[in-house]
Amino acid sequence: MCALTLLFGGAAFAAQGLEVRVLSSRADMVSGGNALIEITLGDSALSDRVSATLNSQTVTNAFRQGRTPRSLIGRVEGMAPGKNTLEVRADKLRARVELINHPSAGPVFAGPKQTPFVCQTEASGLGAPLDSDCSIKPVVTYFYKSTKPPAATTATASAAPTAPVGFRVFESSAPRPDDLAQVTTGDGRTVDYIVRDEKGTINRAIYEIAFLHQPGQPLPDPWSGPTPGWNGRLIYSFGGGCSPGYRQGIVRRGAVADVLLARGYAVATSSQNVFGNNCDDVISAETTMMVKEHFIEQFGMPVHTIGLGGSGGSMQVYLIAQNYPGLLDAIGPSGSFPDITSLITPVVDCSLLTRAFQNSTQKWTDEQKTAVSGFADFSVCGAGNWQRYSPAWVRADNCDPAIGRDQVYDPARNSKGVRCSLYDNEVNVYGRDRKTGFARRPLDNVGVQYGLAAFNAGKISADQFLELNETIGGFDYDGNLVRARSVADPAALRIAYQTGRVNTGGGSLGSIPIIDYRTYVDPNIHDKIRTYEVQARLIAAHGNSDNMVIFTAPRRWPATAAPPEPARLLDRWLDNIASDTSEGSAAVKTARNKPMEARDACWTPSGEQILEPQTHQGPGRCNELYPVYGDPRIAAGAPLTNDVLKCTLKPVDPQDYSHRFTDDQLSRLKAIFRDGVCNYRRPGVEQQPLKGTWLKY
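Per my numbering, the very first residue in the sequence shown carries number 3; after that it's consecutive.
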């Protein structure tokens, strides 16, 4: 593993009066055998005297004038695997660039590919794969928005394209449809609402790129710039869920984002940018880089790239901004979580608490269970997403049905089979335990005093508190509930923090625009506390969260009110920053260039906007309307940042409790916590800043 710190794209190699810049990717992370290159000439160089060679072969004809008279742009193709040398000459000037080319099926920086890997192009209606990397030839389909009421359609696995709801397949050879809608884009252009939708495979993922385009008209390209219908901006969309990979993922009707396309944005995504297909943010980041590289090479550099993602998608945008700065210029997470690594522990705590309550000799009321859990209501532990993820996230046999059962790990039948805990899914990051051969695991609950806040508040008795912590238990490496508490691998803890599996507010997270949009659904796994965990981590890392705006919205919008559009606000925010030529760091410019509408706010169920700071447990109408709760770790004393994977221990101290124990109870407490209890006033074990960005595995 090594740390690389150059930003994505724009890597410049210069001689006096001559600069060569790789536009489509980093120079050391080219994929697919080609790259978009810009040559910028000084006053003394003439464009008709420029020559370029790739590995000593002439590629001069690949270059044409760019958007300025002294700029040449070329799509240089035909790179060999590995190291390639691009040499540019202009009169007596010379610049040399080393380009490292990787396969279009990857990997680039995410490490060895997951095996087995199930292709799902046929299930996505794209035909049989061409090779073991699940590749297909790109497929372009045109859809148009119909003025007729949308008819519900069912996606099929046929080769025929299926239009998204509200759209129909556009046949350029047929007469103009009488139900073809028109749309006025965000920059005021009125065009036919026809969408060019491209699907293909990159990094073993099925990618999709869509934007408004009239068939028969020239496509945007790196030399001409945007065309009518496309505003020059790219939205990269990230999907939710969180399940282990080993499969390509199914793309059904397409990711046609109606509102975004209507505004004039290009929208890109892929099946490996959906955490429900593969909950691995490194693979997601790598795929983002490669899909964006393809977009730039074909259509040109977007003015901005904005990442949008809800739930599992929010974790991706946060972690990509932290760990691979430059891929996303701004992010709009919704229903957000800081990261998956620090979320696993409070989620799977549900299984531990449920077992402890069920087996307890004490009588527990629903109110007491809720107080111990920290949630708005303990019932969430047995409902919806929690049942899907707890304890599945830590179970070795948690594989998708697409993976044949004969391939899945079983300690008795198939000890060498595929292990599908989330930690095993990221074995390239964590490495393997030498004794077991399984992925190292940072899961830990040693010293955690479950129900501490409830006990100190007098909501549960001493006997309930003691028995709960005696019987809470943990998970073995296969994800089975056991009597012993879970003990983290020290190396896994260190790796989790150093590599950015835990969101610590590093990379570009403290300097790019963030609009965190949350629909209030507590009690739910998408609970409001997670937004404030991110806010607290930014403050801990940078002293402020000035680049973050928080919106809180009702579960249902009234018909009379229009919800905010984070993408458009982020776009304006980025435009403001780009226009700011004064002195100041990126963080300073981001903070001072917020649009007026980009201010903390919540909306009432009737649609009234309330402008007030969105803070954890702060005063105001928003927290009255939408109260903030916690989780089992916060209810056990963890800080608001909730980023302690394994706590530092200290001896049991009777002064830490609001209620006195009897001598026998105190002896029992010390026996339960022989090594001590969590001291959350100190950093966690191996808790440390990000080691670096653009890490390779």
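Heads up, the beta-carbon is just placed ideally off N, CA and C, and yes, glycines get one too.
Note that this is a predicted model, so its numbers are computed, not measured.
Checklist entry - Do you know how far the Cα of Leu-572 is from the Cα of Arg-170? => result 31 Å
Next on the checklist: Measuring CB atoms only, is the segment 49-63 touching the segment 29-36, in the sense that at least three cross pairs come out at less than 8 Å?
Outcome noted: no
Checklist entry - Where in the segment 381-413 do unbroken runs of the alpha helix (DSSP H), each at least 4 residues long, occur, reported from the N-terminal end onward? => result 386-391
Next on the checklist: For Asn-471, report the span of its alpha helix (DSSP H) as first-last.
Outcome noted: 464-473
Checklist entry - Quick one, are the C-beta atoms of Thr-372 and Phe-380 less than 9 Å apart? => result yes
Checklist entry - Do the CB positions of Glu-124 and Pro-131 come within less than 9 Å of each other? => result yes
Checklist entry - DSSP state of Ile-204, grouped into three classes? => result strand
Checklist entry - What distance in whole Å lies between the Cβ atoms of Arg-558 and Gly-337, which are believed to be in contact at a cut-off of 8 Å? => result The Cβ separation is near 15 Å, so there is no contact.
Checklist entry - Which partner residues does Gln-67 have in the DSSP bridge list? => result Leu-74
Checklist entry - In its own chain, which residues sit with a C-beta less than 6 Å from the C-beta of Val-396, not counting the 5 before and 5 after it? => result Val-350, Ser-423, Phe-477, Gly-481
Next on the checklist: Contact defined as beta carbons within less than 8 Å: I believe Val-52 pairs with Thr-62. What is the distance between those atoms, to the nearest angstrom?
Outcome noted: 7 Å
Item to check | Proximity winner among Ala-494, Val-523, Leu-540, relative to Ile-516 (alpha-carbon distances) | outcome: Leu-540
Next on the checklist: Assuming the contact rule is C-beta atoms closer than 8 Å, Asn-625 and Ile-636 should be a hit. Round their C-beta distance to whole Å, please.
Outcome noted: That pair is no contact at about 16 Å.
Checklist entry - Quick one, are the C-beta atoms of Asp-199 and Ala-207 less than 9 Å apart? => result no
Next on the checklist: Quick check on Glu-296: does DSSP put it in helix, strand or coil?
Outcome noted: It should be noted that the sequence gives His, not Glu, for residue 296. Three-state result, His-296: helix.
Checklist entry - Contact check, Ile-474 vs Leu-354 under 8 Å by CB: the rounded distance? => result 5 Å
Item to check | Thr-229 in three-state terms, based on DSSP | outcome: coil
Checklist entry - Which one or two residues does DSSP pair with Gly-108 in a beta bridge? => result Partner(s): none; Gly-108 has no beta bridge.
Next on the checklist: Please list the terminal residues of the continuous beta strand (DSSP E) segment that includes Gln-611.
Outcome noted: 611-613
Checklist entry - Whole-angstrom Cβ separation of Ser-344 and Leu-647, contact assumed at under 8 Å? => result 7 Å
Checklist entry - By a C-beta neighbour count over all protein chains shown, 10 Å radius and 16 as the cutoff for buried, is Lys-147 buried or exposed? => result buried
Item to check | Per-residue DSSP class, three states only, for Met-303 | outcome: coil
Item to check | Simplified DSSP state of Ser-510, which is helix, strand or coil | outcome: coil
Checklist entry - What residue range is occupied by the uninterrupted alpha helix (DSSP H) comprising Arg-532? => result 531-544
Item to check | Inter-residue Cα distance where the pair is Gly-639 and Gly-433 | outcome: 31 Å
Next on the checklist: With DSSP as the reference, identify every bridge partner of Lys-85, one or two as the case may be.
Outcome noted: Ile-102
Item to check | CB-CB length for Gly-507 against Ala-542, believed under 8 Å | outcome: 7 Å
Checklist entry - Terminal residues of the continuous beta strand (DSSP E) containing Pro-335? => result 332-336
Checklist entry - What span of residues does the alpha helix (DSSP H) with Thr-592 cover, start to end? => result 588-594
Checklist entry - Roughly how far, in whole angstroms, is the beta-carbon of Glu-469 from the beta-carbon of Gln-364, given that I think they are within contact range, below 8 Å? => result 6 Å
Next on the checklist: What does the alpha-carbon distance come out to for the pair Ala-157 and Asn-416?
Outcome noted: Unreliable placement is indicated for Ala-157, whose pLDDT of 43 sits below 50; the coordinate value is still reported in the next sentence. Their backbone Cα atoms lie some 36 Å apart in a straight line.
Item to check | Helix, strand or coil at Ile-579 according to DSSP, with G and I counted as helix | outcome: helix
Next on the checklist: Distance cutoff 9 Å, beta carbons only. Does Gly-586 sit that close to anything in chain C?
Outcome noted: No chain C appears in the structure shown, which is made up of a single protein chain.
Item to check | Helix, strand or coil at Gln-250 [DSSP, three-state] | outcome: coil
Checklist entry - Does the beta-carbon distance from Tyr-659 to Asn-505 come in below 9 Å? => result no
Checklist entry - Which residues in the same chain as Asn-526 place their Cβ atom closer than 7 Å to its Cβ, once the five residues preceding and following it in sequence are excluded? => result Val-382
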